[in-house]
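> For reference, the structure I am asking about is given below.
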Amino acid sequence: EERTWMDRFIDSGFIDTFRYYAMQIHIQHLWKRFGSHDVLKDICLKKDDIHALVLIGPSGSGKTTLLRCLSGLIQPDQGSVSINNTKLPSDEEALRDYRKHVGMVFQSYNLFPHLSALQNILLPLEKVHGKTYDEAMEIAQRMLKRFRLEEQAHKKPYQLSGGQQQRIALSRSIAIAPEFLVLDEPTSALDPELTVEVLDMIKELRQEDIHLILATHHMGFVTHVADYICFLEDGRLATHGHAQEILKSSEHPSVQNFLTQVL
Ligand code: ADP
Numbered sequence: 009e010e011r012t013w014m015d016r017f018i019d020s021g022f023i024d025t026f027r028y029y030a031m032q033i034h035i036q037h038l039w040k041r042f043g044s045h046d047v048l049k050d051i052c053l054k055k056d057d058i059h060a061l062v063l064i065g066p067s068g069s070g071k072t073t074l075l076r077c078l079s080g081l082i083q084p085d086q087g088s089v090s091i092n093n094t095k096l097p098s099d100e101e102a103l104r105d106y107r108k109h110v111g112m113v114f115q116s117y118n119l120f121p122h123l124s125a126l127q128n129i130l131l132p133l134e135k136v137h138g139k140t141y142d143e144a145m146e147i148a149q150r151m152l153k154r155f156r157l158e159e160q161a162h163k164k165p166y167q168l169s170g171g172q173q174q175r176i177a178l179s180r181s182i183a184i185a186p187e188f189l190v191l192d193e194p195t196s197a198l199d200p201e202l203t204v205e206v207l208d209m210i211k212e213l214r215q216e217d218i219h220l221i222l223a224t225h226h227m228g229f230v231t232h233v234a235d236y237i238c239f240l241e242d243g244r245l246a247t248h249g250h251a252q253e254i255l256k257s258s259e260h261p262s263v264q265n266f267l268t269q270v271l
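As structure tokens, then:
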């Protein structure tokens, strides 16, 4: 029987390889409580084809708490999380290890204030990731060059703009070759004119297919990066779906209400 190029293509495993490069996120019945306040309530999500997951929702809806759970910074009270077939561990030692594979950038205060931009990237590679000084230096310099930040290499955070600081923080999070990046409103502390350079860098990372899980209020930006959107409201996953469905045609009244406020 004649084999077509398509049969050979399928046999080559290319499609499986491609699928592998999507992120798997399985969240089952996740609950998180602070004191008597249920901040995350029974979050469930099962997706195998994610490249960039975006969390949206009003302030206080639980986005940061969910990102902190997914990064292994805090432990849920109930439920489980598994990303790329790796289950979020429950003991502290294993969690510390898990966190090494996650790149994280928060709203602000990401950099060590007493270190230069270069040292900020270099130090975690050496101290946390076991690179030699020479290896760490090579990676740090490559990152600064790649993101056009060489001129800032020897400046301390206070000598950099907020946008430059966040770009250094992003460079540092990429330098460790993370499994995925978690970004919590990385531009919310920035003036609008500095926001663009940070969003552009995140778009660049997305184009390189670095996996992203992020919270943001910039809906215009969401349309550029998101392939899947989760809308949180009062600790619940009120609705979720592919970006276009949620943004263009969501019939969920609180999503519409939220979108009219932020757009
Ligand atoms: P969002 O990121 O959507 O603004 P958060 O996850 O920051 O929401 O917060 C959700 C709710 O959890 C808020 O009511 C907040 O006050 C509360 N919360 C968050 N972290 C803590 C904490 N460490 N202790 C007590 N309450 C917290």
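All letters in the sequence shown, in the order written, are residues 9 to 271 by the numbering used here.
For glycine and all other residues, C-beta sits at the position ideal for the given N, C-alpha and C.
If you reduce the DSSP assignment to three classes, tell me which class Lys-135 lands in.
helix
> Using the Cβ count rule (16 or more neighbours within 10 Å means buried), how would you classify Thr-203?
buried
> Can His-45 be considered in contact with the ligand ADP, in the sense that its beta carbon sits closer than 7 Å to one or more heavy atoms?
Yes, the ligand ADP has a heavy atom inside 7 Å of this Cβ.
> With distances taken between CB atoms, is the gap from Gly-65 to Glu-241 smaller than 8 Å?
yes
> Taking 7 Å as the cut-off, does the CB of Thr-72 come closer than this to any heavy atom belonging to the ligand ADP?
yes
> Closer than 7 Å to a non-hydrogen atom of the ligand ADP - does that hold for the CB of Leu-240?
Checking every heavy atom of the ligand ADP against the Cβ of Leu-240, one is found closer than 7 Å.
> Which of the three DSSP states, helix, strand or coil, is assigned to Cys-241?
Before going further, note that residue 241 is Glu rather than Cys in the sequence given. Looking at Glu-241 - three-state DSSP - the assignment turns out to be strand.
> Alpha carbon to alpha carbon, how far is Ala-183 from Phe-155? Give it in angstroms, no decimals.
11 Å
> So is Lys-95 buried or exposed if we call it buried at 16+ other beta carbons inside 10 Å?
exposed
> Are there 16 or more other CB atoms within 10 angstroms of the CB of Gly-43, so buried, or fewer, so exposed?
exposed
> Mapping the DSSP letters down to three states, classify Ile-182 as helix, strand or coil.
helix
> Please classify Arg-214: does DSSP put it in a helix, a strand, or coil?
helix
> If you measure between the beta carbons of Leu-157 and Gln-172, is that distance less than 8 Å?
Yes, Cβ-Cβ distance for Leu-157 and Gln-172 is below 8 Å.
> Taking 7 Å as the cut-off, is the C-beta of Ala-1 nearer than that to any heavy atom in the ligand ADP?
Residue 1 cannot be examined here, being either before or after the span of the chain that is shown, 9 to 271.
> When DSSP labels each residue in this structure, what does Ala-30 get in the three-state scheme?
coil
> For Ser-169, is the beta carbon positioned less than 7 Å from some heavy atom of the ligand ADP?
No - the ligand ADP has no heavy atom lying nearer than 7 Å to the Cβ of Ser-169.
> What are the residues that DSSP puts in a beta bridge with Val-110?
Phe-188
> Between Ile-129 and Lys-139, is the Cβ-Cβ spacing less than 8 Å?
no
> Between Leu-103 and the rest of its own chain, which residues show a CB-CB distance below 8 Å, the 5 nearest in sequence each way excluded?
Gly-80, Gln-83, Leu-96 and Pro-97
> Taking its Cβ as the centre, do 16 or more other Cβ atoms sit within 10 Å of Ser-179, making it buried, or is it exposed?
With a 10 Å radius around the Cβ and a threshold of 16 neighbouring Cβ atoms, Ser-179 comes out buried.
> Which one of Thr-195, Ile-58, Glu-101 and Tyr-106 has the shortest CA to CA distance from Arg-76?
Tyr-106
> Would you report the Cα separation of Asp-56 and Gln-167, rounded to the nearest angstrom?
42 Å
> Within 10 Å of its beta-carbon, does Lys-153 have 16 or more other beta-carbons around it, so buried, or fewer, so exposed?
exposed
> Mark Ala-185 as exposed unless 16 or more other C-beta atoms lie within 10 angstroms of its C-beta, in which case mark it buried.
exposed
> Got a sec? Which residues, its chain only, sit under 7 Å from Ser-258 by beta carbon, not counting five neighbours each side?
Thr-247 and Gln-264
> Using DSSP's beta-bridge definition, name the partner residues of Arg-41.
Asp-46
> I need the straight-line Cα distance from Asp-142 to Gln-149, nearest angstrom please.
11 Å
> Just list the residues that DSSP pairs Gln-36 with in beta bridges.
Note: Gln-36 sits in a beta bridge opposite Ser-88.
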